[in-house]
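Just below is one structure, and these are the notes that go with it.
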Amino acid sequence: FCNVTLWLYQLSKAGKLCVPAMNVNDSVTKQKFDNLYCCRESILDGLKRTTDVMFGGKQVIVCGYGEVGKGCCAALKALGAIVYVTEIDPICALQACMDGFRVVKLNEVIRQVDVIITCTGNKNVVTRDQLDRMKNGSIVCNMGHSNTEIDVASLRTPELTWERVRSQVDHVIWPDGKRVILLAEGRLLNLSCSTVPTFVLSITATTQALALIELYNAPEGRYKQDVYLLPKKMDEYVASLHLATFDAHLTELSDEQAKYLGLNKNGPFKPNYYRY
């Protein structure tokens with residue numbers, strides 16, 4: 001859940017939102033493709049570019065099993081990593097279990113993991129006490145929306161030495177010689193250390209553009225000073241525009257089928273409560 005989105009909802013709840021706002025971040029075409037499929041690729045890209053780490057047999061803990069966490073876990077599992085997950089939400093935790101990941105508390109495995117990846121959008125997910133207990137050579141990075149997930153400020157103390165080994169890669173050295181590899185100073189790994197595929201950028205940019213067009217062209221009174229989700233029809237339109245890339249051909253409903261399902265033949269094809 002994006003911090004900017006959270007801020008918008010807080011403003012709306014407090015009655016301080018001055019204009020209508022469109023929550024693009026939680027539209028299906030943003031959340032599934034940018035958050036899930038893009039992060040599934042960019043997590044490996046960012047880690048490989050910065051550390052050249054080999055993932056086979058490595059113990060990795062992913063904090064958060066939302067769309068970003070799901071993408072990261074799928075990629076790491078495919079390369080043979082042993083993946084743990086932390087979660088606060090029992091539904092996401094159950095999903096992680098059913099996908100074959102062990103759900104743990106960070107403190108249970110902090111001394112043995114090789115890589116920590118935060119994907120929560122929260123703050124102080126990895127604390128100084130936990131960083132103190134990590135083993136030598138561990139990698140810490142953030143894939144979430146906020147740079148507050150890792151308590152980087154607590155590492156800027158006189159007893160710890162920072163050594164910049166390459167762009168976006170710091171070795172934080174403890175008095176006993178232990179090194180923890182911190183990437184992008186806790187900022188977003190995929191934006192700081194890798195590239196974002198142009199195809200995903202196209203999907204996200206199209207979603208954002210349609211949201212702006214909808215707000216601009218909407219008749220007076222349709223949108224009040226509140227936060228709205230992108231209309232389902234527009235989400236489907238964004239997806240349809242990108243299907244040609246794959247030479248994908250959609251099946252069309254017959255009149256009888258559309259009537260049976262209670263749908264318009266041209267969509268939207270799913271109710272707002274449908275979870276993709």
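At position 45 of the sequence shown (counting the first as 1) the number is 45 in full-length UniProt numbering, and the numbers step up by one without a gap. Positions of the beta carbon are idealized from the N, C-alpha and C atoms, including for glycine. These numbers were taken from a predicted model, which means no experiment stands behind them.
Taking the C-alpha atoms as reference points, what is the distance between Asp52 and Gln208? 35 Å
What are the residues that DSSP puts in a beta bridge with Glu256? In DSSP, Glu256 forms no bridge with anything.
Check the Cβ-Cβ distances between Leu155 and every residue of chain C, and say whether any is below 8 Å. Judged by its chain identifiers, the structure shown contains no chain C, having just a single protein chain.
Per DSSP, cross-strand counterpart(s) of Cys141: According to DSSP, Cys141 bridges with Ile117.
Cβ-based neighbour list, Phe1, same chain, cut-off 7 Å, excluding 5 preceding and 5 following: Any reading at Phe1 is ruled out, since the residue's pLDDT is 49, under 50, leaving its predicted position unreliable.
Compute the distance between the beta-carbons of Thr118 and Ile150, then report whether it is under 8 Å. yes
Would a C-beta distance cut-off of 8 Å place Val196 and Ile181 closer than the cut-off? no
According to DSSP, is Thr195 helix, strand or coil? coil
Span separating the alpha-carbon of residue 304 from that of Ala184: For the chain, the structure presents residues 1 to 276; residue 304 sits outside this window and is missing.
In chain order, which alpha helix (DSSP H) runs of at least 4 residues are fully inside the region 8 to 90? 39 to 51 and 67 to 78
Compute the distance between the beta-carbons of Leu188 and Leu155, then report whether it is under 8 Å. no
Taking a contact to mean a Cβ-Cβ separation below 8 Å, would you say Gly267 touches Glu236 in this structure? yes
Using the beta-carbon count (16 or more within 10 Å), is Asn25 buried or exposed? buried
Go ahead and label Ala14 buried or exposed: buried means 16 or more other beta carbons lie within 10 angstroms of its beta carbon, across all protein chains shown. exposed
Might you give, ordered along the chain, the residues of its own chain that have their beta carbon closer than 6 Å to the beta carbon of Ser42, omitting 5 neighbours on each side? Asn190 and Ser194
Bridge partner(s) assigned by DSSP for Glu220: DSSP lists no beta-bridge partner residue for Glu220.
Tell me the residue span of the beta strand (DSSP E) that contains His242. Run containing His242: none in the beta strand (DSSP E); it sits in the alpha helix (DSSP H), Lys232 to Leu243.
Whole-angstrom distance between Tyr260 and Lys232, CA atom to CA atom: 20 Å
Nearest to Thr86 by alpha carbon, out of Ala75, Gly66, Gly80 and Met22? Gly66
Across the region 68 to 81 and the region 24 to 39, are there enough close Cβ pairs to call them in contact, namely three or more that are closer than 8 Å? Counting Cβ pairs under 8 Å, three or more are found: they touch.
Helix, strand or coil for Val165, going by three-state DSSP, please let me know. Strand.
Looking at Val172: is its Cβ nearer than 8 Å to the Cβ of Leu160? yes
Leaving out the 5 sequence neighbours to the left and right, which residues in its chain are closer than 6 Å to Ala21 when beta-carbon positions are compared? Leu8 and Val227
Mind checking who Asp170 pairs with in its DSSP beta bridge? Arg164 and Leu182
Please name the residue, chosen from Val238, Pro158, Arg102 and Leu44, that lies closest to Phe199 on a Cα-to-Cα basis. Val238
Could you please give me the residues that DSSP links to residue 298 through a beta bridge? Because the chain here runs from 1 to 276, residue 298 falls outside it and cannot be looked at.
Report yes if the C-beta of Lys178 is less than 7 Å from at least one heavy atom of the ligand NAP; otherwise report no. Of ligands this structure carries none, so the ligand NAP is not represented either.
Leaving out five residues on either side along the sequence, give the residues of the same chain with a beta carbon under 8 Å from the beta carbon of Arg111. The residues are Arg133, Met134 and Lys135.
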